[in-house]
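Worksheet: the structure to be examined is printed underneath.
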Amino acid sequence: MKPVQILNFAAVLVFGVLVGHHCSRAPAHKFIDAPVGSVAVPTTTQTSHSIDALRRGAALTTEPESLPLARVENADIRRARNYPMQPPTIPHAIDGYQVDQHANRCMLCHGQTNSAQFQAPPVSVTHYMDRDSQVLAEISPRRYFCVQCHVVQTDAAPLVANTYTGADDILTPTPATGE
Ligand code: HEC
Ligand code: HEC
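In my numbering, the protein residues as written are 99 to 277.
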């Protein structure tokens, strides 16, 4: 080897060692520094890597106590929608409602026939349309499994920060700032 080559080789070697050293020290994940048993309430400063909702930072050798299950909201008050064609969220509990090839419990109340008796909003006409927009006499197969699109809400704290803005808020003109 010429002296220049040796120098180059040495420089690359030193660089490699430095980079390797730095990488090995960088932590793979940042865990929430919350005591075991507390609810994981993420802050806006957390990155997606630092969410440890299940173990909440507990050491792997310990078994943290499970959090209580979130309570399904059952206030029976229909919620506002955020944009046209949003499937409305379900404002009541749906525990034990059977929806399979034999029966669709939701349609007992939300079908045309009984909706008045149960004071439930009937499913809209889109739920009777096939993919060619033909209106069928019965609930369309593509709308049969209601919870594909409609979901209950719980009182759980959000796991990640959310800056979602509804369509109406976006369309509302913001007042002039005077600048
Ligand atoms: C015992 C009758 C009954 C059953 C069964 C039922 N619901 Fe309801 N649902 C209602 C009533 C009544 C309302 C109106 C708000 C209220 O009183 O809870 C409603 C409201 C809703 C809404 C809100 C509609 C809107 O415009 O905001 C959705 C979505 C919904 N139900 C979906 C479902 C789904 C999905 C199922 C099956 C898993 C189901 N419901 C089963 C009675 C029922
Ligand atoms: C593929 C998604 C999808 C499925 C599956 C579905 N829905 Fe919907 N649903 C929607 C959307 C989107 C809307 C709002 C726009 C509309 O009415 O089409 C809606 C609206 C509704 C409404 C409010 C109707 C109104 O006029 O305000 C009710 C009640 C409802 N759905 C109940 C059900 C029930 C019960 C089932 C199961 C039998 C079901 N949905 C299955 C997407 C779906």
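We put the CB at the ideal spot given by N, CA and C, even for glycine. Owing to the predicted nature of the structure, the values given are computational and were not obtained by experimental measurement.
Burial state of residue 249 is exposed, judged by a 10 Å Cβ sphere holding fewer than 16 other Cβ atoms.
Annotation for residue 268: the continuous alpha helix (DSSP H) segment containing it runs 265-269.
Residue nearest to residue 252 within the set 202, 234 and 192 is 192 (criterion: CA-CA distance). Annotation: residue 197 to residue 236 spans about 15 Å, alpha carbon to alpha carbon. Ligand 2 has no heavy atom closer than 7 Å to the beta-carbon of residue 216. At least one heavy atom of ligand 1 is found less than 7 Å from the C-beta of residue 197.
Within 10 angstroms of the beta-carbon of residue 204 lie 16 or more other beta-carbons, which makes it buried.
The three-state secondary structure of residue 205, taken from DSSP, is helix. Within a 10 Å sphere around the beta-carbon of residue 208 sit 16 or more other beta-carbons, which makes this residue buried.
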